[in-house]
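> Residue numbers (our numbering): 90 to 359.
#1: Does DSSP put residue 175 in a helix, a strand or coil?
#2: Among 173, 174, 160 and 212, which has the Cα closest to the Cα of residue 224?
#3: Less than 8 angstroms separating the beta-carbons of residue 337 and residue 302?
#4: Could you tell me the alpha carbon to alpha carbon distance between residue 126 and residue 112, rounded to whole angstroms?
#5: Where do the ends of the alpha helix (DSSP H) carrying residue 264 lie?
#6: Alpha carbon to alpha carbon, what distance is there between residue 107 and residue 200?
#7: Have a look at residue 237 and residue 124 and give me their C-alpha separation to the nearest angstrom.
#8: Helix, strand or coil: how does DSSP classify residue 167 here?
#9: In three-state terms, what does DSSP make of residue 318?
#10: Relative to the C-alpha of residue 311, which residue among 276, 294 and 226 is closest?
#11: Start and end of the alpha helix (DSSP H) containing residue 275?
#12: Whose C-beta lies closer than 7 angstroms to the C-beta of residue 330 among residues of the same chain, with five residues either side of it excluded?
#13: Rounded to the nearest angstrom, what separates residue 275 and residue 178 at their Cα positions?
#14: Roughly how many angstroms separate the alpha carbons of residue 193 and residue 109, rounded to a whole number?
#15: I think residue 284 touches residue 156, with their Cβ atoms under 8 angstroms apart; what is that distance to the nearest whole Å?
#16: Where in the segment 283 to 350 do unbroken runs of the alpha helix (DSSP H), each at least 4 residues long, occur, reported from the N-terminal end onward?
#17: List the whole-angstrom C-beta distance separating residue 270 from residue 174, where the pair is believed to meet the contact cut-off of C-beta under 8 angstroms.
#18: Apply the 10 Å Cβ neighbour rule to residue 210 and answer buried if 16 or more other Cβ atoms are within range, or exposed otherwise.
This is the structure we're talking about:
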C-alpha cells in the first residue's frame, strides 16, 4: 500500500476533492449550523443598513453603497473562524489518526476542509448580495467587473481560510479555536475603511488602516463594483486597491498554506 508521502499530484487533488465532498455532506446533515451561518450575514446587512446607517456618515457618498463592500469583505474575513473550529474539532475527534492509516495525501484533509468552507462562503456571499439589492445597493461597472469583485472576495476568503486552518491546527481545541479565530479579526476589520473613512481616525490608526489588507480588499471591491468611496490618502494600497488586494491575498496564501500543511503533517506524524 503506497505511503501518503508518495502520493502524486493528481491523486492528491482527487483525495482533496473526496474530503471536500465528505465535509459538505457532513454539513448538510446538520442543517441548524447552515441556517445560523446564513442568518448572521443577513443580520449584519440589515443592522448596518437600517440601524447604524443613519448614525454613521461618510461625507459626500451614499452610505449604503459605501457600506456594502465593507460588509462583504468583513464576512469573508470571518471565514477564518469556522475553519479554525472545524479543523480543531477534527483533531479532537481523532480524525487525524484515522486518515493517517490510509494511502492518501496528508495535505488532502486540510485542503478538503478549506475548499468545503470556501463553498459555504460563496453561498453566504450570494445571500448577502441579494440582501444588498433589497436594501438599495447596486453595482455600476457592468457584469464583468461585478464578477471580478466576487472573484477577488472569494480569493480573500480562500486566503483567510488558510489562516483559520493554521490556527485550528495550532490550538487543537474547538472552544479555544472559536476565540482564537475571531479575537484578532475585530481590530483588523474595524481599523480599516470598511465602515468609516480612515481620515476620521487618529493619525497612527489611519496609517494602519491605509496598509490594512482589509482596507485594500474593501477599496478594491468598491472600485470594481463602481460604488462610491473616499480616497483621501496617497498611500499606494489606497491608490491601487485591486492590485494591493491581489498581492495581500497571494502573500497570505503563500505564508499560511505551507504553515498549515506543515502543522497538519507534524500532527499526523505523532
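A virtual CB, placed ideally from N, CA and C, is assigned to each residue, including glycine.
From the atom records:
#1: In the chain shown, residue 175 corresponds to position 86, counting from 1. It is helical.
#2: Reading the chain shown from its first residue, position 135 is the one you call residue 224. Nearest option by C-alpha distance: 160.
#3: For this step, residue 337 is matched to residue 248 along the chain shown. For this step, residue 302 is matched to residue 213 along the chain shown. Contact: yes.
#4: Translated into the one-based positions of the chain shown, residue 126 becomes position 37. Translated into the one-based positions of the chain shown, residue 112 becomes position 23. Cα to Cα, residue 126 sits roughly 15 angstroms from residue 112.
#5: Along the chain shown, read from residue 1 onward, the residue named residue 264 stands at position 175. Element bounds for residue 264: 263 to 269.
#6: Here residue 200 is taken as the residue at index 111 of the chain shown, counted from 1. Here residue 107 is taken as the residue at index 18 of the chain shown, counted from 1. Going by the C-alpha atoms only, they are around 10 angstroms apart.
#7: The residue given as residue 237 occupies position 148 in the chain shown. The residue given as residue 124 occupies position 35 in the chain shown. About 28 angstroms.
#8: Reading the chain shown from its first residue, position 78 is the one you call residue 167. Residue state, collapsed to three classes: coil.
#9: Counting from 1 along the chain shown, the entry for residue 318 is found at position 229. In the three-state reduction of the DSSP assignment, residue 318 falls in the coil class.
#10: Here the question's residue 311 lines up with position 222 in the chain shown. The shortest C-alpha separation from residue 311 is found at 226.
#11: For the purposes of this step, residue 275 is taken as the residue at position 186 of the chain shown. Its alpha helix (DSSP H) spans residues 274 to 279.
#12: Looking up residue 330 in the chain shown gives position 241. Cβ within range, chain order: 305, 308, 309 and 312.
#13: For the purposes of this step, residue 275 is taken as the residue at position 186 of the chain shown. For the purposes of this step, residue 178 is taken as the residue at position 89 of the chain shown. Cα to Cα, residue 275 sits roughly 23 angstroms from residue 178.
#14: Counted from its first residue, the chain shown places residue 193 at position 104. Counted from its first residue, the chain shown places residue 109 at position 20. It is roughly 14 angstroms from the alpha-carbon of residue 193 to the alpha-carbon of residue 109.
#15: Reading the chain shown from its first residue, position 195 is the one you call residue 284. Reading the chain shown from its first residue, position 67 is the one you call residue 156. Yes, residue 284 and residue 156 are in contact; Cβ-Cβ is about 7 angstroms, under 8 angstroms.
#16: 292 to 299, 302 to 314 and 325 to 328
#17: Taking the first residue of the chain shown as 1, we reach residue 270 at position 181. Taking the first residue of the chain shown as 1, we reach residue 174 at position 85. With a Cβ gap of about 7 angstroms, residue 270 and residue 174 count as contacting.
#18: Position 121 of the chain shown, counted from the start, is the residue given in the question as residue 210. A residue is called buried when at least 16 other Cβ atoms come within 10 angstroms of its Cβ; residue 210 meets this threshold and is buried.
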